[in-house]
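Numbering (full-length UniProt numbering), first residue to last: 1 to 312. Beta carbons are placed, not taken as given, at the ideal position from N, Cα and C, and that holds for glycine. From a predicted model like this one, the values you see are computed outputs, not experimental measurements. Below is one structure, written out as structure tokens, with a few remarks after it.
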């Protein structure tokens, strides 16, 4: 259940029970429809804050939670937030649900994923590049794709293992062992500010503009189980999600900032545009790409939040 405490078995938070809360720090007010010649992101860019709480003595009468006091890079490692978008009823009682005959957004084939600039300069000798065609397929460990880890984990003497498959040259890098992360010193300390854990009940999406979770008063032909939230009296359904009409970076990593004397984990969506015109709301969902729970193969989503309406 999204919003309930999650006990991690693998990853940087292994052994800890964590509950997350997303807060909206800044919402988009307006935007211009995305076109190939005029791509302007949402203004101002959406910003969400993630608050983490450690649950102590889970499932016992002495259960309580303590909020994280410090958010270092080790805590932020792997924290990611994903955007979804839903059309809602605007001031003129019109919605922006795309019709079936509308041209679908074109999928742009991205170039192959290469190591960071520092890792490339250390791993690929200039003599091996020459004027040969650039290989179009690489097998790169995940650690090389992170700018923060490439400086500390990559060794200049790391050997290359070239192999050939048909006419394509594949360069494979040996897997690297990341240095162990020390999280225990970064986790919250037990103090007098510890507060009891609220009962494990469904936490409805918290939005201004009279946003509420669906209940027994759902009316119309919409199936209540498909309704994810209400904006005033307009039912937002899961089937109406139109994330495919977003352009830009809809999945961003957490950033640690100092704001008003506190360390915070924030997600800044500075490069997001919409391909449709109308009124919309955004849904933020956060997870840790390196964390797993016992018995679960999927990555758990431990916090979500709906933003306010904006017009494109």
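When Cβ pairs closer than 8 angstroms are counted between the two stretches, the segment 75–91 is seen to touch the segment 287–305, the count reaching three or more.
A buried status is given to residue 273, since no fewer than 16 other beta-carbon atoms sit within 10 Å of its beta-carbon. For the options 299, 52 and 226, the alpha carbon positioned closest to that of residue 71 is the one of 52.
In its chain, beyond the 5 residues on either side, 236 and 238 have a beta carbon closer than 6 angstroms to the beta carbon of residue 228.
Ranking 47, 41 and 15 by CA distance to the CA of residue 268 puts 47 first. A distance of 7 angstroms or more separates the beta carbons of residue 279 and residue 85. With respect to the 7 angstroms criterion, residue 265 and residue 50 are classified as neighbours on the basis of their beta carbons. In this structure, the straight-line span from the alpha carbon of residue 307 to that of residue 298 is close to 25 angstroms. Taking the CA atoms as reference points, residue 27 sits about 7 angstroms from residue 45. In its chain, beyond the 5 residues on either side, 88 and 89 have a beta carbon closer than 7 angstroms to the beta carbon of residue 234.
The beta-bridge partner set that DSSP reports for residue 226 is empty. With respect to the C-alpha of residue 292, the residue from 40, 256 and 7 having the closest C-alpha is 7. The three-state secondary structure of residue 60, taken from DSSP, is coil. Taking 7 angstroms as the cut-off, the Cβ atoms of residue 58 and residue 282 do not count as close.
Shown here, residue 9 sits in a strand according to DSSP, grouped into three states.
The Cβ atoms of residue 41 and residue 271 lie closer than 7 angstroms to each other.
Between residue 55 and residue 65, the C-beta spacing is below 7 angstroms. Per the coordinates, the alpha-carbon of residue 16 lies some 8 angstroms from the alpha-carbon of residue 9.
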